[in-house]
Amino acid sequence: MKKVEMVYFEYFNEPLEDYKVFQEHAKISKQAYTLIGIFILLSVYFALELFSVVDTNAFDLMFYLVATVLTLVIPLIYILAQKRRYIVFADRALIKCSGLKKAFMMPFESIKQVQTDHEDTLVLVANNKKKMTLIMSEYEAPFDKLRDVLNFMGFFGTEAKSFTIDFTDNDIIVEEEKAVMDEDTSQLFEKFIKKYKFLTPGFLEDLIFYNIQIDKVSLTQAKHIIFHLSHLDVKPNHPENPSFKAQKTDEAMVIFENVSELSVHSLNDKGRKDELIGTDVQAVRDTAKGSIIFEASFDPDKDDKLIEFIMSHTAQKQLVRFRFSEIIAGWNGFTGDSWFEKQ
């Protein structure tokens, strides 16, 4: 393992701490056993000559020593090397080791392509075009969690997501990285967790606000706005969506935390801002209650996020715009595929 630890440290500049070792149960070539069989026959024949049981003088001692190296020593070295092959499944890389103390590391971050026969073989191709070929059946069961890692990395037709790898005595746990909640989010989460079966901070980009009725708008802790909605449409990438299709929820709630720079404008026929209706929560309440959201745009990546809703419950459309720090979305169940999945 010293060679493995050295290779890992040289690349990541940190010690190898979290990992699991898998012995490679590779098939040994029948030729190796055939050569050992030939050695046994030569040894028997040489012994018979040595004790004059036969007198053919077929080969001398030098021939026997050379034959020993070729038919016994080399095959035994090969067999021992094959039995000492193993792979280290670490939190940031795979390190494949041979019996000759060679260590080849494939950092997960360097994997550019994955080739597969969709059965038992995976070929990992790095940015530098080096390849690591893996026969999955040659390793014990937890090693197949590598497929989960590759799924989270965006291979096999999936979207890339952040993930964590944890090692237990008997398993490798690969799961989506959970967002660390700040104090405000944690307090709100605790307040609503008993009311909603599904309650998730973040993932705004995986929620669809379109053709959704706003039942009411409320305020909590004087700084967080809550939109009570007829439903939400949840994209397949959302961690609470168990389907490969977008799903429609039942009645839902979305909390926008630490709202600031709030404004409500009416829109003219060309969709441009017209009259300023208000800049407080009451203006949002009066405008949003009973309205249908027709369009939503946002920038989810910045700490100080911005969202804009275009909504209406009459012929006149309004623009509600504000900044916020985070969202929490909650609902109790799914009612089926989203409307656009049925088209």
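Residue numbers (the numbering used here): 91 to 433.
Heads up, the beta-carbon is just placed ideally off N, CA and C, and yes, glycines get one too.
- For S252, same chain residues with a beta-carbon under 8 Å away, outside a window of 5 residues either side, are F242, E266 and E267 in chain order.
- Residue range V371 to A378 is occupied by the alpha helix (DSSP H) that includes T377.
- In this structure, M222 is the residue among P291, M222, E199 and V204 with its C-alpha nearest to the C-alpha of A193.
- Taking the Cα of F288 as reference, the smallest distance to any Cα among P197, M343 and S350 is reached at M343.
- The segment 310-317 and the segment 341-360 touch, with three or more beta-carbon pairs separated by less than 8 Å.
- Look at the segment 341-367 and you find these whole runs of beta strand (DSSP E), each 3 residues long or longer: 342-346 and 350-357.
- Of the candidates I130, G426, A378 and V178, the residue whose Cα lies closest to the Cα of V159 is I130.
- Measuring C-alpha to C-alpha distances from F136 to each of Q121, L294, S415 and V156 identifies V156 as the nearest.
- Taking 7 Å as the cut-off, the beta carbon of T310 is found no closer than this to the beta carbon of L322.
- Between L357 and K407, the C-beta spacing is below 7 Å.
- In the three-state reduction of the DSSP assignment, Q121 falls in the helix class.
- Under the three-state reduction of DSSP, L278 is assigned to helix.
- In the DSSP assignment, D256 is bridged to I263.
- Close CB contacts of H328 within its chain, under the 6 Å cut and outside five residues either way in sequence, are with F293 and D296 (chain order).
- D393 and I418 have their C-alpha atoms spaced approximately 15 Å apart.
- The criterion of a C-beta distance shorter than 7 Å is satisfied by F399 and I383.
- Beyond the five residues adjoining it in sequence on each side, E114 comes within less than 7 Å, by CB distance, of R175, Y176, I177, E228 and Y229 in the same chain, given in chain order.
- Looking only at P332, N331, I126 and Y286, the smallest Cα-Cα distance to H318 is reached by Y286.
- Cβ contact annotation for M195 (same chain, cutoff 6 Å, sequence separation greater than five): V97, A183 and I185, in chain order.
- 7 Å or more divides the Cβ of T275 from the Cβ of E95.
- Shown here for L240: same chain residues with a beta carbon closer than 7 Å to its own, the five before and five after excluded, namely V204 and F246 in chain order.
- The residue from V111, Y123 and E385 with its alpha-carbon nearest to that of P165 is Y123.
- Between K335 and E249, the CB-CB gap reaches or exceeds 7 Å.
- Residue state for S308 is assigned as strand, using DSSP reduced to three classes.
- Within the same chain, and ignoring the five residues on either side of L224 in sequence, the residues whose Cβ sits closer than 6 Å to its Cβ are L212.
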